[in-house]
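Colleague:
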Amino acid sequence: MTLIVLTVVCIASLIVVLAIFLLIIGALLNRIAEDLDDCLGNVKKISQHVEVIIPGVEHINRTGGVVASALPLLYGGAEHIAAKFASPVPTPISGRTNVPASGRRRSRP
8 MTLIVLTVVC IASLIVVLAI FLLIIGALLN RIAEDLDDCL GNVKKISQHV EVIIPGVEHI
68 NRTGGVVASA LPLLYGGAEH IAAKFASPVP TPISGRTNVP ASGRRRSRP
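In short: position in the sequence shown from 1, add 7, done, that's our numbering.
#1: From the DSSP output, in three-state form, read off Pro62 for me.
#2: Starting from the N-terminal side, write out each stretch of the beta strand (DSSP E) that is 3 residues or longer and does not extend beyond the segment 25-91.
#3: Helix, strand or coil for Ser94? Go by DSSP, reduced to three states.
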């Protein structure tokens with residue numbers, strides 16, 4: 008008889024623990040559902056803002072493409088101008104590359 012009572016008490020306590028666990032999980036899932044609903048509202052607001060901006064972004068991308076295609080030409084022109092105004096490189100006096108007075112730097116042990 009004692010074994011039957013202990014079994015019933017054990018099963019009842021297991022059911023109570025599982026019910027509490029399910030209530031906690033349900034509360035967490037409800038909170039997650041509310042957060043996801045808030046996120047959905049924010050995403051809808053963002054999509055409305057993006058619809059207004061998209062034509063401007065397309066124009067910016069086209070302009071950026073034009074500028075990017077002109078960069079090599081601009082770079083070449085800038086090199087030409089820099090070469091025109093740059094001071095000439097002095098030639099070495101002795102006909103070979105100048106070496107510092109302290110000699111060549113050696114690696115340290």
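Just so you know, even glycine gets a beta-carbon here, dropped at the ideal spot from N, CA and C.
Modeller: The structure says:
#1: helix
#2: none
#3: coil
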